[in-house]
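Scroll down for the structure; my scribbles are underneath it.
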Amino acid sequence: MGKAPQIRSAPSSDRRYYAKWVRPSGRSGEHDDQMSDASGARMVGRGDHLRTLHAALARATEGEPTAVLVAGELGVGKTRLVKEFLATVDAEVFAGACVPVVGEPLPYAALTQALRGGSALVRQEVQRSPVLARLLPGGSADIDETGTGEAAGSGAASRLRLFQAVLALLGRLSAVRPVVHVVEDVQWADRSTLDLLAFLATNFTDERVLVVLTLRTDTADDARVSRWLAELGRHWPVTRLPVGRLDHAEVAELVAQLRGGRPAERLDALVARSAGNPLFVEQLALVDDDAPLPDTLQELLHTRVAELPEETRRALGGAAVLGRPTTLPVLARTLGVSEEGLDEALRPALAAHVAELRPDLRVDFHHPAFREVVDGELMPRERIRLHLGAAEALAEIEDRAPAVVGEMARHWHRAGDLPRALTASVRAGGIYVRLQAFADAHAAYERVLELVEEVPNDLDLVQVRLKAADAANLAGESERALALLDRVRAEATDPTTRAEAAARIGAIHFRGGDGAAAEAAFRDALALLPAGERSVRAARVRGEMALQAVGWSRFDEAELLAAEALRIATDVGARREEGVARNAQGTTAGFRGDLDRAVELLRTALEIAREVQDPQDLGSAYVNLSHVLGMAGRLEENVELGRIGIVELTRVGQERQQGSLLLNNVSEQLAEAGRLEEAGELVADALSRHPRGIQAAPLLRLGAELALINGDLTTAWERCEQARLIVESESAPVGWVREVIETAAEIELWAQRPEAAHDLVLEGLELVAGTDDEAFAGTLVALGLRALADQAAVHRDHRSRVRRADQRERLLDARTAVSRHRSTGAMPQGHAQQLWLSAELARLDEQPAAELWAGSADAWTEVRRRFLSAYARWREAEARLGAGVDAEAVAALRAAHDAARSLGAVRLVDEVETLARWYRIDLLPPASQMPAGDAAGDPLAAYGLTERERQVLVALAAGRSNREIAEELVISSKTASVHVSNILRKLDVSGRQEAARIAHRLGVTA
3 MGKAPQIRSA
13 PSSDRRYYAK
23 WVRPSGRSGE
33 HDDQMSDASG
43 ARMVGRGDHL
53 RTLHAALARA
63 TEGEPTAVLV
73 AGELGVGKTR
83 LVKEFLATVD
93 AEVFAGACVP
103 VVGEPLPYAA
113 LTQALRGGSA
123 LVRQEVQRSP
133 VLARLLPGGS
143 ADIDETGTGE
153 AAGSGAASRL
163 RLFQAVLALL
173 GRLSAVRPVV
183 HVVEDVQWAD
193 RSTLDLLAFL
203 ATNFTDERVL
213 VVLTLRTDTA
223 DDARVSRWLA
233 ELGRHWPVTR
243 LPVGRLDHAE
253 VAELVAQLRG
263 GRPAERLDAL
273 VARSAGNPLF
283 VEQLALVDDD
293 APLPDTLQEL
303 LHTRVAELPE
313 ETRRALGGAA
323 VLGRPTTLPV
333 LARTLGVSEE
343 GLDEALRPAL
353 AAHVAELRPD
363 LRVDFHHPAF
373 REVVDGELMP
383 RERIRLHLGA
393 AEALAEIEDR
403 APAVVGEMAR
413 HWHRAGDLPR
423 ALTASVRAGG
433 IYVRLQAFAD
443 AHAAYERVLE
453 LVEEVPNDLD
463 LVQVRLKAAD
473 AANLAGESER
483 ALALLDRVRA
493 EATDPTTRAE
503 AAARIGAIHF
513 RGGDGAAAEA
523 AFRDALALLP
533 AGERSVRAAR
543 VRGEMALQAV
553 GWSRFDEAEL
563 LAAEALRIAT
573 DVGARREEGV
583 ARNAQGTTAG
593 FRGDLDRAVE
603 LLRTALEIAR
613 EVQDPQDLGS
623 AYVNLSHVLG
633 MAGRLEENVE
643 LGRIGIVELT
653 RVGQERQQGS
663 LLLNNVSEQL
673 AEAGRLEEAG
683 ELVADALSRH
693 PRGIQAAPLL
703 RLGAELALIN
713 GDLTTAWERC
723 EQARLIVESE
733 SAPVGWVREV
743 IETAAEIELW
753 AQRPEAAHDL
763 VLEGLELVAG
773 TDDEAFAGTL
783 VALGLRALAD
793 QAAVHRDHRS
803 RVRRADQRER
813 LLDARTAVSR
823 HRSTGAMPQG
833 HAQQLWLSAE
843 LARLDEQPAA
853 ELWAGSADAW
863 TEVRRRFLSA
873 YARWREAEAR
883 LGAGVDAEAV
893 AALRAAHDAA
903 RSLGAVRLVD
913 EVETLARWYR
923 IDLLPPASQM
933 PAGDAAGDPL
943 AAYGLTERER
953 QVLVALAAGR
963 SNREIAEELV
973 ISSKTASVHV
983 SNILRKLDVS
993 GRQEAARIAH
1003 RLGVTA
């Protein structure tokens, strides 16, 4: 059994100032689902599977013989998983594989391999057993088994003696150490091997044996093996462990490893080609992104296809050309055959698992690589004929399924009918935009731009490029969109169209985080518009400029631009532009501190965005409204907004960019309120959407904050560094950079490097000086005062005091500058922050501060900032104990401890417990003083489990696996695993069984 994961901090030998933004040279340890093999590549995405196998071995070690069936398709990593497991266990390994041969399978192939490759202990036992020795080279089938001089028997008696010998061998081995008996590829097992395994299953008693079977699920159905598995399950509980394909993030990680850290240039294409199958990923990752399948893999798949009848291969050729799951009528029309004939032709491919019939009755290849193999064998004339047939087949269903127009265009193009391909591509672009399938629209318009060079046409290419740019931008291809718009601006003859292109360029730069480029493009657009023009375009440019100004903390400018944009939009009836203007006004009002008006304006902007169905306006309204709700402390409203918003943004294709920012805003407020598990799950969800560019920075910064609270400074350090690299390279708004610096400074403080924290604070204050964002620099000032106070507790010499006096005055000047801004005191947290500043200043000046800290803790609690409240309670206890140990001081210390433990704030808990040891204070009050609902009424109160951890413990006590827990609580398996690890650590136990026993003894039930 492995120990519960421990909180890791930055190595003491590598303590570098965070202010220098230097990445550490290395880190110790690896995650348990990233284990290295001899080639240096690590297995990814199998942490839960390894934990299941380890749990099964733990049961076997306790005298409960156990079996696990590892099942999955060819190349998914069953053997690799088992090897990784065996490499990490202290057990006797007795392993072999069944062998496929022509005709009947080899008898006892797996057993023979296990005996031949066994340890010295196995060889010793074999030498003592003539029955087992018969299976090895040199053994005689006629050897005297009884020691009486009689020849070996045959038939049932002989087989029974062999089975008993194997059982006895495993029993003797397990008496020394636990045994892992591996039988790979049971789909190829002979009848005798299956009978042997069934015999063992029904005769094991208390042997410490784990049987691990591997099964390929993509071979032709073998009723013999299926019946055997069903029968085995009746006599012996067998844990089925399905091994699925890797997800997008796991494929990306594996590819980066295989390419020496160099990611695939077209990762999405590689994911699609491999379908997440690790074997195919490994093969494809080693060739160019556009190269054909490598020989070894192609030969492997070609063999499967070549064995099929000729008419079956012809039918598969039509499916390969169609390129997607398809109905039988469409495939039959493509091939020019009857549906009845197609049924018969496909049957062998279905039986061989080369093709599959999906639940929606569509035919598809079992793996995309089979499609590539079949497609690669088509002759040119046959390919053209099939593309023509596919286009005509799809044309017949166009009325019922408009989206097939894009596929028709592709088939006309491949068949060489370019005029019809151009016409279909133009129609497809418009249809896909209406369907909000922007990536498909982008592809359709790109085909149009390619075909117009070869086909006579009367299209307005400027308008086509504008539409193509919109589609590319909405699909996340902002660089391509900018290139198209630059060409429009260069080719368009009228200033209005050029102004339109410039405005769109500005909007793309704005949403991409490049403020300077956005402002330049917007001003170019304004200059191109006729003087005094009051049009939809004029309103749009000013509205977008207002949003850009507020994003870069130029609030006065934003107010003027938004007001003018709203006046023009109202005059000309531009509803969409009215929404943009109200969005800018509402966001500005929020930063000014007028939060009720801000929420009202932004809800109106959201309603308008929904009404006009503009995806980017919808995303912007959701993101800004969630941000203002967070500023206002309206948590439940924000959670509900996020729940609805992510669904709506996903529907319009904005879940990657704007959706990730929405989830970040909601999770940030959840984290502030102490709901760390929910916040972490949302951050993981948002990052799994792979936001591009600047949109990833807030998520990484928040991930750093969460890791900091949990005490993992190494992870906090790394995520903050990643966020810093992004905000610097992407010319991020000042406010975003300030927040990253705040997080970095706090990491340095908890790492006990106050000098580095102070340097960072000065860097941040210099950044915001003279900008409207200076109003939000109160946290930086408080962290700076905290850093000086921490220094004062250690460096008390005269020179240090003089230097701190100068530094103190500089921070007080910054505090005065912050207070000059009119929005500073209007924020809900303004009072709490002022108390915090005063308390840190008093601590620095060695003045009585207990009441200031108590007031700060209460104020932070009122605005639902639990970590800051817990921090203030610790400082309050520290101040009271410094004045003398009394009941009030002890109560403050215990309150700080309770608050820190309930959050899982590991380092804060350590600080409080250290303080308690100094003053010899028992942090747990006598039972008679415990309030109702504490340990007396809540048996888990003493363990400091969070609400989510309590839910996981209930499920764990009920015997559920991590995957089952994840499904029940609607979280990921990896998140469930983290919760289980935290529970084991807090309960101070080494395994799930001990945790479950404690839960049962305490009466923890659902």
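Just so we're aligned, residue 3 is where the sequence shown starts under our numbering, counting upward by one. All residues carry an ideal CB built from backbone N, CA and C; glycine is no exception. These figures come from a predicted structure and were not determined experimentally.
Which word fits residue i, buried or exposed, when buried means at least 16 other C-beta atoms lie within 10 angstroms of its C-beta?
{"i": "R726", "result": "buried"}
{"i": "E94", "result": "buried"}
{"i": "Q793", "result": "buried"}
{"i": "R391", "result": "Note that residue 391 is Gly in the sequence shown here, rather than Arg. Buried, since its Cβ has 16 or more Cβ neighbours within 10 Å."}
{"i": "L895", "result": "buried"}
{"i": "S731", "result": "exposed"}
{"i": "W920", "result": "exposed"}
{"i": "G42", "result": "In this prediction, G42 scores a pLDDT of 47, lower than 50, which makes its location untrustworthy; no coordinate-derived value is stated."}
{"i": "I967", "result": "buried"}
{"i": "E748", "result": "buried"}
{"i": "V649", "result": "exposed"}
{"i": "G961", "result": "exposed"}
{"i": "A771", "result": "exposed"}
{"i": "V104", "result": "In this prediction, V104 scores a pLDDT of 44, lower than 50, which makes its location untrustworthy; no coordinate-derived value is stated."}
{"i": "P244", "result": "exposed"}
{"i": "G1005", "result": "exposed"}
{"i": "H800", "result": "exposed"}
Short of 7 Å in beta carbon distance, which residues of its chain neighbour residue i, apart from the five on each side in sequence? Order them along the chain.
{"i": "F557", "result": "T590, F593, R594 and D774"}
{"i": "S427", "result": "A411, A446, R449, V450 and L453"}
{"i": "S858", "result": "A834, L837, W838, A841 and A874"}
{"i": "L1", "result": "Residue numbering for the chain in the displayed model covers 3 to 1008; residue 1 lies beyond these limits and cannot be assessed."}
{"i": "A872", "result": "A898, A901, A902, L905, A907 and L910"}
Cβ of residue i versus every heavy atom of the ligand ATP: is any distance shorter than 7 Å?
{"i": "G534", "result": "Ligands in the displayed structure: none, and consequently the ligand ATP is not present."}
Is the beta carbon of residue i less than 8 Å from the beta carbon of residue j?
{"i": "E579", "j": "A586", "result": "no"}
{"i": "A681", "j": "L708", "result": "yes"}
{"i": "L138", "j": "V128", "result": "yes"}
{"i": "A560", "j": "A551", "result": "yes"}
{"i": "A473", "j": "A505", "result": "no"}
{"i": "V323", "j": "D377", "result": "yes"}
{"i": "T314", "j": "P350", "result": "yes"}
{"i": "A203", "j": "R247", "result": "no"}
{"i": "F524", "j": "G553", "result": "no"}
{"i": "A576", "j": "A564", "result": "no"}
{"i": "A789", "j": "A759", "result": "yes"}
{"i": "F96", "j": "V181", "result": "yes"}
What are the residues that DSSP puts in a beta bridge with residue i?
{"i": "T183", "result": "For the record, residue 183 in the displayed sequence is His; it is not Thr. In the DSSP output, where bridge partners are listed per residue, H183 has F96 and V213."}
{"i": "D377", "result": "None, per the DSSP bridge assignment."}
{"i": "T977", "result": "BP columns for T977 are empty, so no partner."}
{"i": "T241", "result": "V70"}
{"i": "F367", "result": "A357"}
{"i": "R218", "result": "G74"}
{"i": "T328", "result": "V365"}
For residue i, which residues from the same chain have a beta carbon less than 6 Å from its beta carbon, with the 5 sequence-adjacent residues on both sides left out?
{"i": "V914", "result": "W876, A898, H899 and A902"}
{"i": "G780", "result": "V820 and Q835"}
{"i": "E674", "result": "R867"}
{"i": "F201", "result": "F165"}
If residue i sits next to residue j, beta carbons under 8 Å apart, how far is it from one beta carbon to the other, in whole angstroms?
{"i": "H785", "j": "L814", "result": "Checking the displayed sequence, the identity of residue 785 turns out to be Leu instead of His. The pair is not a contact, with the Cβ atoms about 14 Å apart (cut-off 8 Å)."}
{"i": "R436", "j": "V356", "result": "Incorrect: roughly 37 Å between the Cβ atoms, too far for contact."}
{"i": "E384", "j": "G319", "result": "7 Å"}
{"i": "L1011", "j": "Q189", "result": "Outside the modelled stretch of the chain, which goes from 3 to 1008, sits residue 1011, for which no answer is possible."}
{"i": "A698", "j": "I743", "result": "In fact, because the Cβ distance is near 17 Å, the residues do not count as touching under 8 Å."}
{"i": "L83", "j": "V72", "result": "6 Å"}
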